[in-house]
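Whatever position you read off the sequence shown (first residue = 1), add 2 for the numbering used here.
Heads up, the beta-carbon is just placed ideally off N, CA and C, and yes, glycines get one too.
The structure displayed is predicted, hence computed values, not measured ones.
Structure first, commentary second.
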Amino acid sequence: MNNSKAYFVGSGIASLSAACYLIKDGGLDGKNITIFEESEKFGGSLDAGGNPKEGYTMRGGRMFEEKFNCTYDLLSFIPSISNSQKSAKDELMEFHQEFFWNDKARLVANGEIVDVANLGFSERDRIDLVKLCATPEKLLEKKTITDVFHPHFFESNFWFIWCTTFAFEPWHSAIEFKRYCLRFTHLFSTIDTMSGIYRTQFNQFDAMVRPIVKWLKEHGVILEMATEVIDISLKITEKEKIAERLHLIQNGMEKTIELSAEDLVFVTNGTMTANSSVGSKQQAPELHTEKTGSAWKLWQKLAAKSPDFGNPIPFCNDIPKTKWESFTVTARDATFFDLLEAFSGSEAGKGGLITIKDSNWLLTVVLNHQPHYFEQPKDVWVWWGYGLFPDKEGNFVKKKMSACTGDEILTEVLSHFRFTEHLQHLLETSITIPAMMPYITSQFMPRTGKDRPQVIPAGSKNLAFIGQYAEVPDDVVFTVEYSVRTAQTAVFGLLNLDKEVSPFYKGQHDPAILFEALKMMHRK
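Put into structure tokens, the structure is as follows:
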């Protein structure tokens with residue numbers, strides 16, 4: 003395989019990971035690996051940018067936990083951004099030892115901390131949850147979370163904690179909700195404090211993407227930016243599927259790449275951050291509903307060639323149910339940090355998520371350890387938040403979140419925390435940049451078992467699907483772990499390597515973990 007060439011559609015964490023494994027375990031020469039990215043920025047949904055003068059931005063932040071075995075395997079051989087003598091994994095683990103979460107204000111209502119010692123389950127809620135976890139996925143196809151729970155469940159403290167930790171909404175897939183409950187059974191007993199959650203020292207673009215890209219470039223990997231793959235020609239028979247050529251647009255010119263039988267193609271089908279837009283202090287972000295770019299359009303073309311390539315329609319055709327809005331706040335002084343640390347009882351980096359339970363937008367904020375950007379100056383503070391229901395009217399700012407400027411969103415947040423005495427100062431010293439994401443929870447939409455293609459479709463000799471919209475049994479989307487697992491599965495499988503994908507942890511089979519979870523469900 004040393005003479006094989008590999009081509010990647012998209013430069014998200016799945017592609018970057020797979021490229022690493024092609025070199026490390028597959029023996030490919032880096033110069034034979036090309037990553038095509040239609041935008042001018044690599045990293046996919048693990049993004050972060052900006053500057054202290056105009057404001058920092060990031061559409062989201064990823065959480066990790068002890069059992070992300072694929073992710074830690076990847077990071078174990080990537081030098082960290084802050085110390086080339088230390089792996090990115092070691093950096094993450096050492097950071098967790100000092101800055102582990104101990105959330106003392108997980109939920110807030112009426113400007114006061116809610117006691118979440120009691121998760122608010124009724125006996126029916128408990129029975130419904132256990133029943134869901136025992137129901138085969140085949141029987142849950144196309145069902146929503148509301149289809150399997152009584153309305154009372156959605157008033158429980160558990161629901162408010164769980165849905166805002168993972169970004170679930172009531173109309174999302176019962177299958178995905180079940181997978182999350184099983185996958186994170188071992189975290190159930192610490193759901194109120196979030197002490198089982200790990201975070202990278204810096205945002206994930208700085209902590210993961212930049213070090214990985216640096217490693218890939220040092221090994222000769224080619225990143226072709228502003229290049230859109232618009233189609234893939236395939237030879238499809240009853241027994242096999244072979245990618246024969248790539249069709250792309252580069253610098254406005256159409257181009258074709260002929261593939262040999264030994265060449266490999268990895269496609270990131272779909273993306274949660276397609277068509278995102280940002281606003282500003284004085285402007286709301288626009289909602290882009292046209293499917294521009296290759297991620298969704300290419301998948302639709304491929305799906306038309308074979309049912310084994312999945313079906314993107316359930317994921318990308320209902321924007322009102324797949325969108326929400328986040329915001330990044332850049333502050334010139336520590337006033338907000340001081341206020342929220344005093345309110346929550348936790349210093350920045352140790353407090354975890356704070357969800358405003360009575361917010362119409364269902365706002366959640368987090369104070370990350372500073373600096374959160376690798377080059378962030380010491381006299382600048384950055385924090386982040388999001389709202390799950392951007393089309394509802396605010397409690398204080400009587401507008402939809404989606405129609406609000408950055409300053410209006412900040413006003414709503416400060417009003418919920420009863421920090422209005424400092425409102426004018428914070429508005430004058432903060433830059434709030436909102437981001438609208440039409441497809442951010444599209445991977446959670448109700449589906450059948452065939453809507454996501456297998457990582458290596460039946461009969462495929464040189465084509466694999468990777469990322470959030472490829473199927474990995476049991477594992478959970480909307481995690482870095484899922485993307486890296488698809489990368490390992492694709493590389494080890496297409497190359498027929500005698501190497502196992504990093505083990506998948508199933509804590510739900512451990513009686514001790516189940517016992518602790520059941521105790522938590524009955525805690526009063």
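Item                                                                                                                                                                 : Value
In its own chain, which residues sit with a C-beta less than 6 Å from the C-beta of S296, not counting the 5 before and 5 after it?                                  : E40, E230, V231
Distance, Cα to Cα, G52 vs D512?                                                                                                                                     : 45 Å
Helix, strand or coil for G57? Go by DSSP, reduced to three states.                                                                                                  : strand
Ignoring anything shorter than 3 residues, give me the beta strand (DSSP E) runs that lie fully in the segment 361 to 444, in order along the chain.                 : 365 to 368, 383 to 389, 432 to 439
Would you call the CB atoms of V493 and G63 closer than 8 Å?                                                                                                         : no
When the Cβ atoms of the segment 472 to 491 are set against those of the segment 213 to 228, are three or more pairs found closer than 8 Å?                          : no
Nearest by alpha-carbon distance to G57: which of V280, F339, F517, V415 is it?                                                                                      : V280
Please go through the segment 222 to 259 and give each complete beta strand (DSSP E) segment of 3 or more residues, from N-terminal end onward.                      : 224 to 226, 229 to 238, 243 to 252
Please report the Cβ distance between Y471 and T324, rounded to the nearest whole angstrom; I am assuming they are in contact, meaning their Cβ atoms lie under 8 Å. : No, Y471 and T324 are not in contact; Cβ-Cβ is about 12 Å, not under 8 Å.
Where does G509 sit, in a helix, a strand or coil, going by DSSP?                                                                                                    : helix
In whole angstroms, what separates the C-alpha of Q206 from that of L94?                                                                                             : 11 Å
Using 8 Å for Cβ pairs, my map puts I224 next to I35. What's the rounded Cβ distance?                                                                                : 7 Å
Distance check for R181 and N104, CA to CA, integer angstroms please.                                                                                                : 25 Å
Report yes if the C-beta distance between H424 and S361 is below 8 Å; otherwise report no.                                                                           : no
May I ask you to verify whether the segment 336 to 346 touches the segment 373 to 380, counting CB pairs closer than 8 Å and requiring at least 3?                   : no
Going by DSSP, what residue range makes up the alpha helix (DSSP H) through S2?                                                                                      : Here the chain has residues from 3 to 526 only, and residue 2 is not among them.
With distances taken between CB atoms, is the gap from P455 to F467 smaller than 8 Å?                                                                                : yes
Between P448 and the rest of its own chain, which residues show a CB-CB distance below 6 Å, the 5 nearest in sequence each way excluded?                             : K144, T146, S175
Where DSSP assigns a beta bridge to Q456, which residues make up the other side?                                                                                     : E473
Which same chain residues end up closer than 7 Å to A350 when comparing Cβ atoms and leaving out the 5 residues on each side of it in sequence?                      : F339, E343, L369, N370, H371, Q372
Using the DSSP secondary-structure output, state which residues sit across from E67 in a beta bridge.                                                                : I199
What three-state label does DSSP hand V11 in the structure shown?                                                                                                    : strand
Taking a contact to mean a Cβ-Cβ separation below 8 Å, would you say P392 touches K401 in this structure?                                                            : no
May I ask you to report which of helix, strand or coil DSSP gives E349?                                                                                              : coil
Along the beta strand (DSSP E) that carries W326, what are the first and last residues, could you check?                                                             : 326 to 333
Mind reading off the beta-carbon distance from A50 to L24? Whole number of angstroms is fine, and I expect it under 8 Å.                                             : Their Cβ separation, rounded to whole angstroms, is 26 Å, which puts A50 and L24 out of contact at 8 Å.
Report yes if the C-beta distance between L131 and C183 is below 8 Å; otherwise report no.                                                                           : yes
Check for me: the beta strand (DSSP E) holding A111 runs from which residue to which?                                                                                : 109 to 111
Hey, G14 and G469 are a contact pair by Cβ (cut 8 Å); roughly how many whole angstroms apart?                                                                        : 6 Å
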